[in-house]
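Here is the structure we will look at, set down as structure tokens.
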Amino acid sequence: MRNSFKAAFPILLALLIILLTAGCGGPGNREIVATVNGEKIFSDDLDKVVNKLKDLYVKQGADFSGDKGASLLESLRKDTLEQMINNRLMSQEGRKLGDLTAEQIQGTIQPFKGQFPSEEQYQDFLAQTGVSEEDAAYILNLQRTLTGEVPVATEEEVRRYYEENKDMMSSPQRLQVRHILFFINEGDKGFPYRHTEAEARALAEEAITELKQGRDFAGLAREKSEDNGTRADGGLFIFAEGEAVEAFAQASQALKDGEITPAPVKTEYGYHVIKREQIIPAGVEPFEKVRAQLTERLTSEAGERRFSEFMMETKSKADIYNKLAGKEGNTAN
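For any residue, its number in the working numbering is found by taking its place in the sequence shown, counting from 1, and adding 8.
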């Protein structure tokens, strides 16, 4: 069960490289470090991406000093160039499917854009990196086309997987609650709402008053909750031990089934109004409950294999030069 309170937005390395290198050019080190079917990749393009990635790794605690740091940087350059080669090759293949209009590019890139919590942060990312979305759109369109050719997993395949992996289908005891959240956002935490602590608490207290007057909890959550992850489901949130922030979990566990917190519950996100519904016992999930999820998983995995196989086959036939690999001609041979 996803934790809507601990949302994160992963940025794929491959797409980051595409976006950082798109539109690169102008004065700089124009030494050729790779070619892909005649298309050149220059040293300054590689350096730009490596420096961006290096900064990200440093923020995560990586140390590029000394001999070990030099070796790490060398590996980063080699890995990055290899990924740039792969991206250039896939972009070429994507363009063979036909040109995309500006509208189609935007529609294709939208899932990537959707990983950012706000339009402002997405635009900041574009501005800071001088991004063009075109190559990313062509690669995503290619991937979508290839994976779309993969048939949906059959009932027999899904049931076989279920029987062979029942240990993975077990779930711990979980608590089912509903909640209404009002964010505290006095600074800029990236939340879509801006309330002072006093404002958020007052809104939560107002919600409690309405509930005492007979309002349906799920209906009120759909109307007023600021948690986009649960609002459409009437604030429904199911969690196991360790999957919710401590204050939220403790307040939920202190209630009896059907009870509502008498006062707003403060967490690092804001103020919550919580209704406890039931304990869901530990056990193996029934097949019918996980059928759709397993069908999607198996179909997705088959699509990933299809894309990987296509990439390997395409690369084996491509004319590639990689200076850092010390090879000329086809690097796949």
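Positions of the beta carbon are idealized from the N, C-alpha and C atoms, including for glycine.
With respect to the C-alpha of Asp-175, the residue from Lys-48, Arg-223, Glu-101 and Ala-290 having the closest C-alpha is Ala-290. Partner residues in the beta bridge of Ala-248, as assigned by DSSP, are Arg-182.
A residue is called buried when at least 16 other Cβ atoms come within 10 angstroms of its Cβ; Gln-114 does not meet this threshold and is exposed. Comparing alpha-carbon positions, the option among Glu-39, Thr-43 and Arg-152 lying closest to Ala-326 turns out to be Thr-43. Annotation for Glu-296: no residue places its beta carbon closer than 8 Å to its own, counting only its chain and skipping 5 residues before and after. Excluding residues up to 5 positions away in sequence, Ala-248, Glu-249 and Ala-290 lie with their Cβ nearer than 8 Å to the Cβ of Pro-180 in the same chain. In the three-state reduction of the DSSP assignment, Ile-328 falls in the strand class. When secondary structure is reduced to three states using DSSP, Val-41 falls in the strand class.
With respect to Leu-54, Arg-85 sits close: the two C-beta atoms are nearer than 8 Å. Assigned with DSSP and collapsed to three states, Ile-93 falls in helix. Within the same chain, Thr-303 and Thr-307 come within 7 Å of Val-160 by CB-CB distance, once the 5 residues on both sides are set aside. In this model, Tyr-146 and Glu-127 are separated by some 22 Å (Cα to Cα).
Residue range 205 to 220 is occupied by the alpha helix (DSSP H) that includes Glu-207.
When secondary structure is reduced to three states using DSSP, Glu-111 falls in the helix class.
Distance from the Cα of Asn-173 is smallest, within the candidate group Asp-52, Ser-51, Val-292 and Glu-111, for Val-292. When secondary structure is reduced to three states using DSSP, Leu-189 falls in the strand class. Counting along the chain, the unbroken beta strand (DSSP E) around Gly-278 starts and ends at 278 to 288.
The three-state secondary structure of Glu-47, taken from DSSP, is strand. Taking the C-beta atoms as reference points, Leu-105 is found nearer than 8 Å to Thr-153. Of the candidates Pro-125, Arg-167 and Ile-117, Ile-117 places its Cα closest to the Cα of Gln-151.
Going by DSSP, Gly-227 is part of the alpha helix (DSSP H) stretching over 225 to 232.
Put simply, of Ala-206, Tyr-169, Arg-182 and Ala-212 the residue whose alpha carbon is nearest the alpha carbon of Leu-189 is Ala-212. Within 10 angstroms of the beta-carbon of Val-66 lie fewer than 16 other beta-carbons, which makes it exposed. Annotation: Ala-215 to Leu-228 spans about 8 Å, alpha carbon to alpha carbon. Listed in chain order, the non-local C-beta contacts of Gly-242 below 8 Å within the same chain comprise Arg-186, Phe-225, Ala-226, Gly-227, Ala-229 and Arg-230, local neighbours out to five positions each way being set aside. Closest in C-alpha terms to Glu-163, from the list Tyr-329, Glu-312, Met-319 and Arg-305, comes Arg-305.
For Ala-208, same chain residues with a beta-carbon under 7 Å away, outside a window of 5 residues either side, are Phe-190, Phe-191, Ile-192, Gly-278 and Tyr-279 in chain order. Secondary structure of Gly-291 (DSSP, three-state): strand.
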